[in-house]
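Q: The number in this note's numbering is simply the position in the sequence shown, starting from 1, with 39 added. Note that CB positions come from ideal geometry on N, CA and C, so glycine has one too. Source: prediction; values computed, not measured.
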Amino acid sequence: MPKPAYFLDLAVVLLFAAAGRASHDLSDDVLGVLRTAWPFLAGMTLGWVFVALLPERVRSWWLEGLVVALCALVVGMLGRQLAGAGTALPFVLVATGVLVAGLVGWRAVAAAVAARRA
40 MPKPAYFLDL
50 AVVLLFAAAG
60 RASHDLSDDV
70 LGVLRTAWPF
80 LAGMTLGWVF
90 VALLPERVRS
100 WWLEGLVVAL
110 CALVVGMLGR
120 QLAGAGTALP
130 FVLVATGVLV
140 AGLVGWRAVA
150 AAVAARRA
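1) Should the stretch 108–118 be regarded as contacting the stretch 64–71, the criterion being three or more beta carbon pairs within less than 8 Å?
2) Please determine if the stretch 136–144 and the stretch 116–126 are in contact, where contact requires at least 3 C-beta pairs separated by less than 8 Å.
3) What are the boundary residues of the alpha helix (DSSP H) that includes Glu95?
4) In the DSSP assignment, find the unbroken alpha helix (DSSP H) run with Ser62 in it and report its ends.
5) Can you tell me where the alpha helix (DSSP H) with Thr126 in it begins and where it stops?
6) In angstroms with no decimal places, state the Cα-to-Cα distance between Leu53 and Trp77.
7) Identify, in the order they occur along the chain, each residue of the same chain with its Cβ nearer than 7 Å to the Cβ of Met83, setting aside the five sequence neighbours on each side.
8) I want to see whether chain C comes within less than 7 Å of Val51, judged by CB atoms only; does it?
9) According to DSSP, is Leu138 helix, strand or coil?
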């Protein structure tokens, strides 16, 4: 995946963390957002490693997005659990929806734009 994709994924995860903090009336300072986002960012990065290991013949925009989203979700929830932060089912469900929609969604838009240009 190209470098801009990493930064788009980074933006999705940081916006997810910032929105979550805002919905709970927590501070929106950069360090607070990073404290919330770190386990999901670690998972996102692990997802990128897994995607890099995929054989070219099976790679697709949706598979790459799904791998990154699932890694961000699983590692993020494990990190929160280890840090003593909440992992209530409603949060897990919302996080799943937001991360999959964001990390797969922008790839769907990019694929549609690329197909239209071709």
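A: On the basis of the data shown:
1) no
2) no
3) First-last for Glu95: undefined, no H or E at that position.
4) Lys42 to Ser62
5) Note, Thr126: premise wrong, no alpha helix (DSSP H); not H, not E.
6) 9 Å
7) Asp48, Val52, Val107, Cys110 and Ala111
8) The structure shown has no chain C; it contains just one protein chain.
9) helix
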